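Participant: The numbering of the sequence shown is my numbering, which starts it at 1 and goes up by one.
In this text, a Cβ means the ideal position worked out from N, Cα and C, and glycines have one as well.
Note that this is a predicted model, so its numbers are computed, not measured.
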Amino acid sequence: MSLRYFAVLLCCLLLAACSKVNQDNYSKLRAGMSKPEVEQLLGAPSECAGALGITSCTWGDEQSFISVQYAGDQVVMFSGKGLK
1 MSLRYFAVLL
11 CCLLLAACSK
21 VNQDNYSKLR
31 AGMSKPEVEQ
41 LLGAPSECAG
51 ALGITSCTWG
61 DEQSFISVQY
71 AGDQVVMFSG
81 KGLK
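In structure tokens:
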């Protein structure tokens with residue numbers, strides 16, 4: 001049973017190390033990109049909220065995140081914090 005626990009722990013650590021929330025992917029973001037293009041680059045967002053055709057989506061956590069603002073389906077602004 002401890003071998004299974006170790007394998008699960010190792011997989012979790014490897015997935016955390018492969019985060020798409022990083023400086024390299026942030027530098028690939030461009031105004032005008034579509035939501036599907038951004039999600040192909042960063043994966044599914046942690047959360048999204050919006051009103052009146054403006055949507056803001058965030059990837060990551062409080063320490064390290066990328067935030068993208070859309071007007072309709074197009075990126076208009078983006079920001080990041082704690083990226084490596």
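1) Identify whether Glu62 lies in helix, strand or coil by the three-state DSSP scheme.
2) Does DSSP classify Lys117 as helix, strand or coil?
3) Could you give the C-beta distance for Val68 and Val38, rounded to a whole number, given that I count them as a contact under 8 Å?
4) Please state if the CB of Ser46 and the CB of Trp59 are separated by a distance shorter than 8 Å.
5) Apply the 10 Å Cβ neighbour rule to Ile66 and answer buried if 16 or more other Cβ atoms are within range, or exposed otherwise.
6) Under the assumption that Ile54 contacts Ala71 (Cβ atoms under 8 Å), give the Cβ distance between them as a whole number of angstroms.
7) Which of the three DSSP states is assigned to Ser19 in this structure?
Facilitator: According to the structure shown:
1) Residue numbering aside, residue 62 sits at position 62 when the sequence shown is read from its first letter. Coil.
2) This structure does not reach residue 117, given that the chain is present from 1 up to 84, and the question cannot be answered.
3) Numbered from 1 along the sequence shown, position 68 holds the residue referred to as residue 68. Numbered from 1 along the sequence shown, position 38 holds the residue referred to as residue 38. Yes, they are in contact, since the Cβ atoms of Val68 and Val38 sit about 6 Å apart, within 8 Å.
4) The residue you call residue 59 lines up with position 59 of the sequence shown. The residue you call residue 46 lines up with position 46 of the sequence shown. Result yes, Cβ atoms of Trp59 and Ser46 sit closer than 8 Å.
5) Counted from its first residue, the sequence shown places residue 66 at position 66. Here Ile66 is buried, its C-beta having at least 16 other C-beta atoms within 10 Å.
6) Here residue 54 refers to the residue found at position 54 when the sequence shown is read from its first residue. Here residue 71 refers to the residue found at position 71 when the sequence shown is read from its first residue. Here Ile54 really is in contact with Ala71; their C-beta atoms are around 6 Å apart, less than 8 Å.
7) The residue labelled residue 19 in the question sits at position 19 within the sequence shown. Here Ser19 sits in coil by DSSP.
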